[in-house]
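Here is the structure we will look at, set down as structure tokens.
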Amino acid sequence: MKMHVLGAALVAVLLGAPALAAAAEPAAPPAQAPVQAPLTGPQVGQPAPPFALTTIDGRKVTLDSYRGKTLVLNVWATWCPPCRGETADLIKSYSALHSPQVAFLGVDDTEEAPIVRAFVAAKGIAYPQAIDAAKTFSKAYDIRYFPTTFVIDPSGIVRARNIDVVTPDLLKNFVASAQAGKDVAMTSAQQQKIDALLAGSFSFEGGREAVVKSAKAVDDAIAKAEDLANNSDPANGQWTDLLRSRAEEAVIRDRAIAALEPVATTDSEKVLLAKMRGDAASDREEWSAALAAYDSALALEPKNEDVLGGIAFVTGPLKDYPRMLDANERLVALHPDDVGGIEGLADAYASAKQFEKAETTIKRATELALQHLAKKPHDAKLTRTVASTHLVAGRIYARAGNAQAARVEFALLVAWTKKLPKTDARYAMYLEEAQEARVALDLTGDRGATTVSLTPWTGPDLPGSLASTMKYRLVVTGKSGKSVDLHAAGVPKGWVASFCSDRVCAPFKVSVELPQSGVKVIEFQLVPPGSTAATPKVRVIGTDGSVSSTATT
């Protein structure tokens, strides 16, 4: 199914030719050609909208509090794969760039503090993170895609607005330009291809057939531009300027609509016209107008997937849950074996707070995924699909307030993820998300209760850890300042259990003090007596003097 808004897949799966025109030096890359259609949200070269946010540690931050500094403002979410993917580079960039003159601030506008706190602790992110619970920031900054990064200069002027993962070289260039008081202007081979597609020779001269042909060519060019945008790879210089592309797209789409309106007579032509009207209104966030246009198309072609996808999208901000569910149900009916579509329907039910239907639907998705896997039991992609259903199920149960069922699903997510090759694109992400979700459930509950959780280690080793051992991420949660004694039980003879934290490793037991966040991350290692030993079942027990919590490898 084509996306009805350029790069709409980037909301959740924006993945990362010639590299940036001036990546390492503050000199700006070649200027862009002017774009006729106005863009929404903060404009490069214009004052940044004011904001007032609260960080996860309770501190108030505003735009004015960063006056005199260059501010890197990164908008992200833990559920967003490219956001997670760019985290290591942001940490690296923060280490290299932050100073009394350069500040970083992360903003999550879709999640609550516990899950953000769990992610920040697991990744060791040093710069502050804020929650936009009231959505005032996301509205003022027109946040539609994740990740999005703004760089604001010391006088409060937006100098860069990047929708995509941001690489260290890109960010270095953005900050240097902002410090010099210059707007960032960029170009790349990937963006030039999109520019060429959207600047094609679309002539609306001649008779009705010529106009219809040109309108179809415009719709096709937009679809191809979307494919290019959705397959960008900033790490290899194949990044795109999504905002510029959207503006270019609006220009040619509006021309096509104006030319097609007086000549569209057949049902297929009327569907094309209505769909393009819906796309144009959706792109401008005119949700009611978009829905009305899509409805016109749907009346003529009830099974048009692009139109149904458009309705499912625009009914979200309208909070028109009956229509959202109807569109998703129709899409599933068209593809009853599509596990991803059924997951989407389950999530839509949860958004409408119809949790019983959401739970029934996600179980259906899991059963179908298992049926597919039974036919190809060694297919990693199908195994990943099963794991995905448990991730969605856990989130649905958590939203419904059923923490016990959510924990079961997250445990199943870990179990299925362990069946994947460690090189799989989702291996590390799913393990991390499962543990972060369980930690968030702990933080949402009794903040005074001490809990421990274990999952296979992902990412680089902590300083001081041992190489080539069986490693796990051990997360301890509880009351800030509480001292927790940790020890390993069930360790076979000849094995060593090691707790590595704060650049020090301790064998078999250790005592840690929980920081202000209430979350402590430790690398737990099992060191075998030989290279061929199988992993044993070992328990890690955390005791705070009054209660104990246990996790098992």
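The sequence shown begins at 898 in this note's numbering and counts up one residue at a time. Even glycine gets a Cβ: it sits at the ideal position worked out from N, Cα and C.
Judged by pairs of C-beta atoms under 8 Å, the region 1041 to 1050 touches the region 1066 to 1079, as three or more such pairs exist. Under the three-state reduction of DSSP, E1182 is assigned to coil, being neither helix nor strand. L1170 sits close to L1157, with the two beta carbons spaced by under 8 Å.
Nearest to A949 by alpha-carbon distance, out of D1124, I1028, K1379, is I1028. By the Cβ test, the region 968 to 983 is not in contact with the region 1085 to 1092, since fewer than three Cβ pairs between them sit closer than 8 Å. Counting every other CB atom within 10 Å of its CB across the protein chains shown gives A1303 a total of 16 or more, marking it as buried. If you draw a straight line from the Cα of K1273 to the Cα of A1331, it comes to about 25 Å.
Around the beta carbon of A1000, a 10 Å sphere encloses 16 or more other beta carbons of the protein chains shown; the residue is thus reported as buried. In the structure shown, G1003 falls within a strand segment according to DSSP collapsed to helix, strand and coil.
For the pair A1255 and I1208, the CB atoms are not nearer than the 8 Å cut-off. DSSP places H1275 outside both helix and strand once states are collapsed to three, so it counts as coil.
Inside the region 1074 to 1108, DSSP marks whole alpha helix (DSSP H) runs of 4 or more residues at positions 1086 to 1095, from first to last along the chain. The beta carbon of L1338 lies closer than 7 Å to those of A1295, A1300, A1303, R1304 in the same chain, with the five residues before and after it left out.
At least 8 Å separates the beta-carbon of T951 from that of F1016. The region 1007 to 1022 and the region 1407 to 1416 touch, with no fewer than 3 CB-CB distances between them shorter than 8 Å.
If you draw a 10 Å sphere on the C-beta of E1329, you find 16 or more other C-beta atoms in it, and that means buried. Pairing E1146 with R1174, the inter-Cα distance amounts to about 13 Å. Residue nearest to P944 within the set V1236, I1054, L1279 is I1054 (criterion: CA-CA distance). Taking a cut-off of 8 Å for Cβ pairs, the region 1234 to 1242 and the region 1260 to 1273 touch, as three or more such pairs fall below it. K1368 is bridged by DSSP to Q1422. At least 8 Å separates the beta-carbon of M1367 from that of T1449.
With a beta-carbon spacing of about 16 Å, L1242 and K1200 fall beyond the 8 Å limit used to define contacts. Per the DSSP secondary-structure output, P944 pairs in a beta bridge with I1054.
Put simply, the backbone Cα of K1278 is about 38 Å away from that of T937. S1443 and V1062 have their C-alpha atoms roughly 45 Å apart. Taken through DSSP and simplified to helix, strand or coil, D1192 comes out as helix. A distance below 8 Å between beta-carbons, with the five flanking residues on each side excluded, links S1408 to the following residues of its chain, in chain order: S1380, V1381, D1382, L1383. Looking from the CA of G1387, the closest CA among L1195, G1427, K1406, V1372 belongs to K1406. Annotation: the continuous beta strand (DSSP E) that includes G1439 extends over 1436 to 1440. In this chain, C977 is not harboured by any beta strand (DSSP E), its DSSP state being neither H nor E. The continuous stretches of alpha helix (DSSP H) do not include V1381, which lies in the beta strand (DSSP E) extending over residues 1380 to 1386. Under the three-state reduction of DSSP output, D1130 falls in the strand class.
Spatial neighbours of K1417 in its own chain (CB-CB distance under 6 Å, excluding positions within 5 residues in sequence) are listed in chain order as V1373, V1409, L1411. Distance check between L1228 and each of A1010, L1205, P1219, K1250 places L1205 closest, using alpha-carbon atoms only. In terms of CA proximity to Q1135, L1067 leads the group S1285, L1309, L1067, N971. Beyond the five residues adjoining it in sequence on each side, P1426 comes within less than 6 Å, by CB distance, of G1391 in the same chain, given in chain order.
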